[in-house]
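**Q**
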Amino acid sequence: MTIPTQLSLQGFIATEPQLSFGESGHARFYCRVGIEQHRKEADGAFTKVEPVYCDLVLFDRAAERAYSRFKPGDQILASGYIHEYEQESQGGVSRLREQFVARRLGHDCLRTRYVVDRGQAMPPERRVREAAVANHPSPAVGN
Numbered sequence: 023m024t025i026p027t028q029l030s031l032q033g034f035i036a037t038e039p040q041l042s043f044g045e046s047g048h049a050r051f052y053c054r055v056g057i058e059q060h061r062k063e064a065d066g067a068f069t070k071v072e073p074v075y076c077d078l079v080l081f082d083r084a085a086e087r088a089y090s091r092f093k094p095g096d097q098i099l100a101s102g103y104i105h106e107y108e109q110e111s112q113g114g115v116s117r118l119r120e121q122f123v124a125r126r127l128g129h130d131c132l133r134t135r136y137v138v139d140r141g142q143a144m145p146p147e148r149r150v151r152e153a154a155v156a157n158h159p160s161p162a163v164g165n
């Protein structure tokens with residue numbers, strides 16, 4: 023069995039997030055994300071260079087929750103996929119564009135201080151069940 027994985031993105035919120043609703047009523051979160059870049063020098067040191075920027079979108083309930091929780095400058099981790107599409111410019115010329123469609127979006131815990139509020143997010147019986155699983159890990163594959 024293979025481990026299911028997704029593409030990920032690490033960066034920072036570069037613009038004020040926007041929340042919009044389509045004709046069908048679906049929420050859409052949009053912002054520009056900066057991705058820090060470094061160049062390795064001949065002596066082994068790294069030099070910070072200009073970040074690369076991309077569009078990030080998130081949909082539905084996740085979009086609404088993200089809009090109230092993310093601000094410019096926040097360090098983020100996102101998992102999802104890249105969506106390529108054509109966009110026609112004012113001159114009628116089509117241009118291929120891409121955006122990162124996040125399925126999950128969170129703050130980068132290595133670069134962000136925060137408090138976790140577990141409140142009523144998980145029913146007590148599920149917490150007990152998950153704690154039991156954590157205390158009794160499954161045997162290693164191949165044993």
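Sequential numbering from 23 applies to the sequence shown in this note's numbering. Cβ atoms here follow ideal geometry from the backbone N, Cα and C, with glycine treated the same way. Bear in mind the structure is a predicted one, so any value in this text is a computation, not a measurement.
1) In whole angstroms, what is the alpha-carbon distance linking Ser-90 and Ala-84?
2) Assuming Tyr-89 is part of the alpha helix (DSSP H), what are its boundary residues?
3) At which residues does the beta strand (DSSP E) containing Cys-131 begin and terminate?
4) Within the same chain, show all residues whose beta-carbon is closer than 8 angstroms to that of Phe-68, passing over the 5 residues directly before and after it, in chain order.
5) Spatial neighbours of Asn-165 within its chain, please: CB distance less than 6 angstroms, with the 5 preceding and 5 following residues excluded, ordered by chain position.
6) Would you kindly work out how many angstroms separate the C-alpha atoms of Asp-96 and Ile-35, rounded to a whole number?
7) With a CB to CB cut of under 6 angstroms and the five nearest residues on each side skipped, what residues in its chain are close to Ala-88?
8) Would DSSP call Glu-147 helix, strand or coil?
9) In chain order, what residues of the same chain have a beta carbon less than 6 angstroms from the beta carbon of Gln-121, not counting five sequence neighbours either side?
10) Gln-28 and Ser-101: beta carbons closer than 8 angstroms?
**A** Answer, in terms of the structure:
1) Residue mapping note: residue 90 aligns to position 68 of the sequence shown, counting from 1. Residue mapping note: residue 84 aligns to position 62 of the sequence shown, counting from 1. Ser-90 and Ala-84: Cα-Cα distance of roughly 10 angstroms.
2) Within the sequence shown, the letter at position 67 stands for residue 89. Unbroken alpha helix (DSSP H) run through Tyr-89: 82-91.
3) Your numbering for residue 131 matches position 109 in the sequence shown. Premise fails: Cys-131 is in no beta strand (DSSP E) and is neither H nor E.
4) Counting from 1 along the sequence shown, the entry for residue 68 is found at position 46. Excluding sequence neighbours, Phe-68 sits near His-60, Arg-61 and Lys-62.
5) Numbered from its first residue, the sequence shown carries residue 165 at position 143. With a pLDDT of 45 at Asn-165, under the threshold of 50, the modelled position of that residue is not reliable, and no figure is offered here.
6) As a working mapping, residue 96 is identified with position 74 in the sequence shown. As a working mapping, residue 35 is identified with position 13 in the sequence shown. Whole-angstrom Cα-Cα distance: 5 angstroms.
7) Residue numbering aside, residue 88 sits at position 66 when the sequence shown is read from its first letter. Closer than 6 angstroms at the Cβ level, and outside the excluded window around Ala-88, lie Phe-51, Leu-80 and Leu-127.
8) The residue given as residue 147 occupies position 125 in the sequence shown. It is helical.
9) By one-based count along the sequence shown, residue 121 stands at place 99. The residues are Asp-77, Val-79 and His-105.
10) For the purposes of this step, residue 28 is identified with residue 6 of the sequence shown, where counting begins at 1. For the purposes of this step, residue 101 is identified with residue 79 of the sequence shown, where counting begins at 1. The answer is yes: Cβ separation under 8 angstroms.
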